[in-house]
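First the structure, in the form of structure tokens, and then the observations on it.
In the working numbering, the protein residues as written are 3 to 407.
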């Protein structure tokens, strides 16, 4: 595997790799750490954080008021409310994970800066630009798709209400004050000003929840992509090494072993940082896929079905990307052992061959993401998630249809 030379390409840095998720977090007023000690504090950070806290608290209180004072009449209402609650709690959990483990995230990223390619030759060997393009395209796609679905959920009630008001047969018919999400208020929202304020607050809460939900997964896959790049470079260095049969070969092998252990440690730290969030994300996604399926099958409003299909695709794609990059981490880490086997070790002396046993054995313990140590994150786990979700969906659908019949 020989990299091609691309002298005219830019040189992305570690901050560039994680720029999109950290920008989403920064938009909410949270700055996890400083890249350099003299980096100035943004003047907007405290106001943005204050606005986020006010909106989050207000919307959370409104959801609690709905639970206390309102009743869910149909199965669709129940599943829709669980969907919204599950999404918000999942988003808060991901945001909490990032904040609680911000020092660990800082340690990993700044450690990877030290190992980041600095010369043009190193950037080509690392395949820096292709790795950067892949993660940037993935982050942009997930962000645009997810925020588009959020916008669809927010615009649908207002547009449908306006159309019903314009096309009503009875001109004295009262305007339908429909809000995007199920929330309770201590004031009457069926007044123009109160309705506008409540709608605006729900829109802000929805976008904040989406940004929290996105930032956790985007930061995870961005950090995994950085680790993948280093594992790929290690494979290239090992396979391209030509032993000379002298003791000087050991001096080349030693730094490679140290480098390998260091990247393995970073990969394990990434896993331990996000493992609980990943487990809850998989469990929540299974529930969400189930309930969205019910909304699509049992729903009657065509536009509602369309927006829930968008929500379904968004959830599947987001879990797919986490599984895809996690699968790459596993494959590349396993490839280190194969690289030691494949390089011309037979040209080396006895000391080198005997020392080679240690890195081969060490490479057998490959790096991988886990769901809180319960299962490995890979394309196999993604397939299992989809299968389990469909089985639960079938079971719930049968139960609901039997109750209604």
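Every residue, glycine too, gets a C-beta built ideally from N, C-alpha and C.
Only a predicted model underlies this, so the values are computations on that prediction, with no experimental measurement involved.
Ranked by Cα distance from residue 13, the options 165, 255, 123 are led by 123.
For residue 270, the three-state secondary structure derived from DSSP is helix.
Around the CB of residue 198, fewer than 16 other CB atoms lie within 10 Å, so the residue is classed as exposed. Short of 6 Å from the beta carbon of residue 141, and not among the five residues preceding or following it, lie these beta carbons of its own chain, in chain order: 22, 220. Residue 378 is bridged by DSSP to 372. Going by DSSP, residue 332 is part of the alpha helix (DSSP H) stretching over 304-344. Taken through DSSP and simplified to helix, strand or coil, residue 245 comes out as coil. Distance between residue 278 and residue 223, taken at the CA atoms: about 15 Å. The segment 265-285 makes contact with the segment 360-370; the number of CB pairs closer than 8 Å reaches 3 or more.
When the beta-carbon positions are compared, residue 245 and residue 350 come within less than 8 Å of each other. With 16 or more other Cβ atoms inside 10 Å of its own Cβ, residue 317 counts as buried. Here DSSP, grouped into helix, strand and coil, assigns residue 359 to helix. Per the C-alpha coordinates, the member of 325, 111, 272 positioned closest to residue 99 is 272. Distance from the CA atom of residue 285 to the CA atom of residue 328, rounded to whole angstroms, is 17 Å.
In this structure, the beta-carbon distance from residue 210 to residue 191 does not fall below 8 Å.
Of the candidates 231, 238, 393, 231 places its Cα closest to the Cα of residue 117. For residue 21, the uninterrupted alpha helix (DSSP H) run begins and ends at 21-29, by DSSP.
Here the C-alpha atom of residue 394 lies approximately 9 Å from the C-alpha atom of residue 288.
Your pair residue 238 and residue 127 checks out as a contact, with CB atoms roughly 6 Å apart and the cut at 8 Å. CA-CA distance, residue 71 to residue 215, rounds to 28 Å.
In the structure shown, residue 61 adopts helical secondary structure according to DSSP, grouped into three states.
Taken through DSSP and simplified to helix, strand or coil, residue 135 comes out as helix. In this structure the segment 52-71 touches the segment 201-210; the number of beta carbon pairs closer than 8 Å is three or more. Relative to residue 151, the option among 312, 331, 236 whose CA is nearest is 312. The C-beta distance from residue 357 to residue 255 rounds to 6 Å, short enough to fall under 8 Å. Comparing C-alpha distances from residue 74 to each of 338, 183, 355, 196 shows the shortest one belongs to 183. At least 8 Å separates the beta-carbon of residue 201 from that of residue 228. Considering only 299, 390, 291, the residue with the shortest C-alpha distance to residue 85 is 291.
Restricting attention to 401, 363, 324, 168, the CA atom closest to the CA of residue 144 is found in 324.
With respect to the 8 Å criterion, residue 158 and residue 305 are classified as neighbours on the basis of their beta carbons. C-alpha of residue 293 to C-alpha of residue 83: approximately 10 Å in a straight line. Annotation: residue 364 to residue 234 spans about 17 Å, alpha carbon to alpha carbon. Here the C-alpha atom of residue 119 lies approximately 17 Å from the C-alpha atom of residue 240.
Listed in chain order, the non-local C-beta contacts of residue 213 below 7 Å within the same chain comprise 26, 29, 30, local neighbours out to five positions each way being set aside.
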